[in-house]
Each structure stands twice: as C-alpha cells, then as structure tokens.
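> In the numbering used here, the protein residues as written are 28 to 106. Just so you know, even glycine gets a beta-carbon here, dropped at the ideal spot from N, CA and C. Just dropping this structure here.
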Amino acid sequence: MQKECINYKNCPLVINPAFAPDQQRDYYMRVYCLGGKANWTKCKRYMTKVDYFFCPDFVMPDTSGTTDEIIDKYEEGFL
Ligand code: SF4
28 MQKECINYKN CPLVINPAFA PDQQRDYYMR VYCLGGKANW TKCKRYMTKV
78 DYFFCPDFVM PDTSGTTDEI IDKYEEGFL
C-alpha cells in the first residue's frame with residue numbers, strides 16, 4: 028500500500044510550512060499525508076481535489092462537511 032498521498036509533492040499543506048500551525052500540520056502529515064492510502068483517501072483536501080480537480084486553501088484534512096458543501100462555501104466567498 029502506498030504510504031505517501033498521491034498529492035504529497037504538490038499539496039500546499041505539505042510544501043508550505045505556514046499553511047497550518049506547526050503542531051496541527053505535523054498531526055495532519057503523520058495521520059493523513061504519510062498515513063497510508065486508507066488514511067489519505069479520507070483527507071478532505073484529497074477528496075475535494077478528486078471531485079472538483081482543485082481544493083481551496085481553507086480546507087484541512089479533517090474539515091467537516093461534504094465536498095459539495097466545501098465548494099458551496101468557497102463560491103460564497105465570491106458572491
Ligand atoms: S493527505 Fe491531504 S493534505 Fe496530505 S498531501 Fe494528501 S491531499 Fe494534501
């Protein structure tokens with residue numbers, strides 16, 4: 028099983044240390060990004076990218092709601 032998320036090399040959470048507070052980012056990286064396929068496929072950033080081919084920066088791996096709700100929220104920001 029692939030340990031590393033398929034988005035690992037390009038994901039802002041991974042490549043930008045300021046994307047989330049250190050402790051929170053470390054937790055996400057350990058549990059989701061490097062946690063094996065069973066875990067990174069549950070990441071809301073991964074799921075949003077699968078459904079919409081991109082993921083807004085406010086989304087974290089454990090952000091609540093469906094990917095549809097996330098995109099609705101994203102679009103509200105442009106109204
Ligand atoms: S698990 Fe989520 S946060 Fe981590 S690299 Fe993949 S898409 Fe990005």
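When you measure from the CB of Pro88 to every non-hydrogen atom of ligand 1, does any distance come out below 7 Å?
Translated into positions along the sequence shown, residue 88 becomes position 61. Yes, since a heavy atom of ligand 1 falls inside the 7 Å radius drawn around the Cβ of Pro88.
> Assign Thr94 to one of two classes, buried (16 or more other C-beta atoms within 10 Å of its C-beta) or exposed (fewer than that).
Within the sequence shown, residue 94 is the residue found at index 67, counting from 1. Note on Thr94: 16 or more other CB atoms within 10 angstroms of its CB, so buried under the neighbour-count rule.
> Do you know whose CA, among Tyr35, Gly92, Ser91 and Ile98, lies nearest Asn83's CA?
For the purposes of this step, residue 83 is taken as residue 56 along the sequence shown, with counting starting at 1. Looking at the sequence provided, one finds Pro at residue 83 rather than Asn. Considering only alpha carbons, the answer is Ile98.
> Could you tell me how far apart the beta carbons of Thr75 and Val86 are, in whole angstroms, since I believe they sit closer than 8 Å?
Here the question's residue 75 lines up with position 48 in the sequence shown. Here the question's residue 86 lines up with position 59 in the sequence shown. With 8 Å as the limit, Thr75 and Val86 qualify as a contact, their Cβ atoms being about 6 Å apart.
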